[in-house]
Every structure is written in C-alpha cells, then in structure tokens.
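Below is one structure, written out as structure tokens; the observations come after it.
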Amino acid sequence: MVSNAGVGSGTVMLDDLAERVPFYSAFFVDKNRNQVTPFANMAPRMITNCDGLETGTGCFDINVTEVLSAFWPSIDGHFPLDEPLCGYRGEKCDYTLIIIGVSATICIILAVIGAWSLRRYWYDFFHLVKE
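Counting from 1 along the sequence shown, just add 2 to a position and that's the residue number in my numbering.
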C-alpha cells in the first residue's frame with residue numbers, strides 16, 4: 003500500500019497501551035445510483051493527562067465529523083417533508099375539480115342510461131301500437 007505518508011497504510015497513531023488507534027470513515031452505498039458516498043469521518047483524539055494502564059481505556063476519544071449534511075437514503079438524497087403536501091388528513095388540498103369531474107361523469111352516465119331507457123320504452127310503445 004502506498005499513500006502520501008509513504009509506503010504502508012498511512013498515518014498510524016498508537017495509544018498509551020501501544021495499540022493502534024483506528025481512523026474510520028462511514029460510507030453509504032447507493033444501489034440505485036451505483037455510487038459510494040462518504041457521510042462521516044471518525045478520527046481519534048488523544049486525551050491529555052490520562053494513564054491508559056490505570057484506566058484500561060487507551061486514552062482517546064473518537065471525534066466524528068459530518069462530511070455530508072442533509073443525508074437521506076432516498077432517490078434524490080433529501081430529507082422527507084415535515085408535513086405531507088395535502089396535510090395529514092388532506093385538509094390543505096382543494097378537491098373541487100375532482101368532485102366536479104366525478105359528478106359530471108355520473109350525470110353523463112345517468113343521462114345516457116336515461117336516454118337509452120326512454121328510447122327503448124318509446125320503441126316498445128310504438129311497436130305495440132302498430133300491432
């Protein structure tokens with residue numbers, strides 16, 4: 003492995019117990035866009051005046067920095083809305099055109115059925131009169 007720090011895996015930090023302190027990064031793999039997106043880096047920060055042998059902790063904290071703000075695993079990558087467009091009960095949308103359209107369709111269907119029934123009635127009536 004070769005990096006800008008030389009041959010190897012890069013900068014290595016050791017704690018008070020002589021164990022390697024990890025550097026992490028978090029990535030999101032988006033299967034829809036076939037893309038890997040980093041969204042957080044986690045870097046260790048050494049604690050001053052700490053005795054790792056006494057505490058057994060290694061004397062470091064992980065400092066998390068957000069690389070990608072407003073991250074959400076959706077198609078467009080944005081957070082969902084705080085409230086739906088029509089409200090939670092549909093009270094913010096105007097349904098007047100839908101009601102008028104459905105009412106007009108029902109009226110047209112009833113008019114066609116009425117006209118057909120009236121035509122059939124008059125056809126049967128005149129057919130009986132001719133006989």
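Using N, Cα and C, we set each Cβ at its ideal position, and we do this for glycine too.
Residues in its own chain within less than 6 Å of residue i by CB, not counting five upstream and five downstream?
i   : result
Q2  : The structure shown does not extend to residue 2, since the chain is modelled only from 3 to 133, so the question has no answer here.
F30 : T39, F41
T67 : N43
S27 : P40, N43
Please list the terminal residues of the continuous beta strand (DSSP E) segment that includes residue i.
i   : result
T67 : 62-68
Give me, in chain order, the residues of the same chain whose beta-carbon lies closer than 8 Å to that of residue i; leave out the 5 immediate sequence neighbours on both sides.
i   : result
K94 : L87, C88
N65 : M44, A45, P46, R47
I49 : C61, F62, D63
In the DSSP output, which residue or residues are listed as bridge partners for residue i?
i   : result
A45 : N65
D32 : Q37
S27 : N43
Here's a check: name, in chain order, each residue in its chain whose Cβ is nearer than 7 Å to the Cβ of residue i, leaving out the five neighbours to either side.
i   : result
V14 : R22
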